[in-house]
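This report refers to the structure that appears directly beneath it.
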Amino acid sequence: MMRAIVQEPESNRLIIGEAAAPDPSYGELLIEVKATALNRADLLQKRGFYPPPSGASPILGLEMAGTVLEGAGSWKPGDRVMALLPGGGYAERVRIPVGMAMPIPKGLSFAEAAGIPEVFLTAYLNLFQLGGLQAGQTVLVHAGASGVGTAAIQLAKSAGCDVIATAGSADKLDACLKLGADATIDYKEGPFLPKVLEATAGRGVDVIMDFVGASYWEQNLSALALDGKLIVIGLLGGAKATEVNLSQLIARRLQIIGTSLRTLPPDRKEALTAEFKERFLPLFASGSIRPVIDSEWNWSQAEEAHAYMESNRNIGKIILTIL
Ligand SMILES: NC(=O)c1ccc[n+]([C@@H]2O[C@H](COP(=O)([O-])OP(=O)(O)OC[C@H]3O[C@@H](n4cnc5c(N)ncnc54)[C@H](OP(=O)(O)O)[C@@H]3O)[C@@H](O)[C@H]2O)c1
């Protein structure tokens, strides 16, 4: 057995309890988790809306950083490792396939490393693999100060792209600018569309990373340039879009793409990890890209950390340290 975050039966509150310890198969590493991080999906899963994919741990937690207890491949006990998980991160131990393991870049703590896998792999998948973003193109990143947003701004900038970010407060807009955004828009001050068109001299953007969904639907389509791609990965502003004029899809050759990192098949997750490792991990070691950490919490405060994320106050990642 091991300690893990479980839900108190009556109240549903997150508390430290016990769960069966993972038993690694051939080709898997056993990891002692030092830190994990919150993701919006955890909030949904806690409420019963986002069940883990088949075969995944029912314990919350989509990423972690820790040390190898049982090695495989070139990994030895004691190595510092971080990885995306299909679940199970809010626990003392996890098992992962060798192909999902990434070395923690030099100079980063476990807490910082725990804030990398989910948001940077999400941003990488959507901007580059699905969005096909190229140097010189422009991307619109909504919720720019979110965990995923802070990762997307940095990856896009380091790939030579222009970035426009939206967020809902002055300190969040400022954080986006500090991460390299070329222009920022406070979406609470009015529609973002005129400002996107103004920032792009009327051309629109090549890719939109959207977590907001229904409430941004019409403006998003109008903000896309010829051949633009709208990538929908979250529905913070609702799931049901009402009216849309589909003729612009044809007239401007637009593409709408939806995806979920968690439900990708294991081989695609391993290929994504390998590509990201090769292209971007060296930039963490050199310090030109960094995980943006909002706050660190002892994992006994998981319930409070969830409430904090729900209140939309974080800039970057909320970390739980496993003590
Ligand atoms: N499909 C996938 O594979 C995938 C993977 C990872 C994450 N995601 C999604 O990506 C999104 C971001 O995740 P995260 O963990 O980075 O979130 P996060 O750090 O909690 O940030 C979310 C931010 O979104 C903004 N927001 C909330 N409701 C909004 C609304 N109705 N309209 C506009 N902005 C709103 C808030 O910032 P402001 O103060 O600026 O409003 C909030 O702080 C979530 O929707 C998550 O489910 C999807």
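Here the sequence shown stands for residues 0 to 322, where the numbers follow numbering that gives the first Met the number 0. Even glycine gets a Cβ: it sits at the ideal position worked out from N, Cα and C.
Specify the secondary structure class of residue i as computed by DSSP and reduced to three states.
i: aspartate 185; result: strand
i: glutamate 295; result: strand
i: leucine 107; result: coil
i: proline 281; result: helix
i: glutamate 17; result: strand
i: leucine 178; result: coil
i: leucine 366; result: The question about residue 366 has no answer, for the chain in this structure spans 0 to 322.
i: isoleucine 58; result: coil
i: lysine 268; result: helix
i: threonine 137; result: strand
i: valine 67; result: strand
i: glutamate 27; result: strand
i: isoleucine 288; result: coil
i: isoleucine 115; result: coil
i: lysine 340; result: This structure gives no information on residue 340, because the portion of the chain shown stretches from 0 to 322.
The beta strand (DSSP E) with residue i in it runs from where to where?
i: alanine 82; result: 79-83
i: leucine 225; result: 223-231
Take residue i and list the residues in its own chain whose beta-carbon comes closer than 7 Å to its own, dropping the five residues that flank it on each side.
i: alanine 110; result: Ala34, Ile292, Glu295, Ile318 and Thr320
i: proline 57; result: Pro51 and Gly86
i: phenylalanine 275; result: Phe119, Leu120 and Tyr123
i: alanine 71; result: Gly26, Glu27, Leu28 and Val97
i: alanine 304; result: Leu37, Trp296, Ile317 and Leu319
i: leucine 43; result: Tyr49
i: lysine 105; result: Ala284
i: serine 299; result: Ile15
Suppose the cutoff is 6 Å on Cβ atoms and the five residues either side in sequence are ignored; what does the same chain contact list for residue i look like?
i: leucine 29; result: Pro23, Leu68, Glu69 and Arg94
i: arginine 2; result: Ile15 and Glu91
i: aspartate 41; result: Leu59
i: glutamate 17; result: Met0
i: aspartate 78; result: Val67
Is the Cβ-Cβ distance between residue i and residue j less than 7 Å?
i: threonine 149; j: leucine 120; result: no
i: threonine 66; j: glutamate 9; result: no
i: glutamate 117; j: leucine 154; result: no
i: threonine 137; j: threonine 183; result: no
i: glycine 60; j: proline 290; result: no
i: alanine 224; j: arginine 202; result: yes
i: leucine 192; j: alanine 222; result: yes
i: tyrosine 89; j: isoleucine 4; result: yes
i: lysine 228; j: glutamine 247; result: no
i: valine 204; j: glycine 130; result: no
i: methionine 208; j: valine 162; result: no
i: alanine 164; j: alanine 174; result: no
i: threonine 262; j: methionine 99; result: no
i: isoleucine 230; j: asparagine 125; result: yes
i: leucine 280; j: isoleucine 288; result: no
i: lysine 187; j: alanine 144; result: no
i: phenylalanine 210; j: alanine 142; result: yes
Can you list, in chain order, the residues of its chain with a C-beta nearer than 8 Å to that of residue i? Leave out the 5 residues immediately preceding and following it.
i: glutamate 242; result: Glu217
i: serine 214; result: Gly236 and Gly237
i: serine 259; result: Ile232
i: glutamine 6; result: Arg12, Leu13, Ile14 and Lys45
Taking residue i as part of the alpha helix (DSSP H), name the residues at either end of that continuous run.
i: leucine 192; result: 192-198
i: alanine 100; result: Counting along the chain, alanine 100 falls outside any alpha helix (DSSP H), and DSSP gives it neither H nor E.
i: methionine 1; result: Looking at the DSSP string, methionine 1 is not in any alpha helix (DSSP H); the run it does join, the beta strand (DSSP E), is 1-6.
i: lysine 316; result: Where lysine 316 is concerned, there is no enclosing alpha helix (DSSP H), although the beta strand (DSSP E) it sits in stretches over 316-320.
i: arginine 39; result: 39-45
How about residue i: is its C-beta nearer than 7 Å to some C-beta of chain D?
i: methionine 208; result: Although the question refers to chain D, the structure presented lacks it and comprises just one protein chain.
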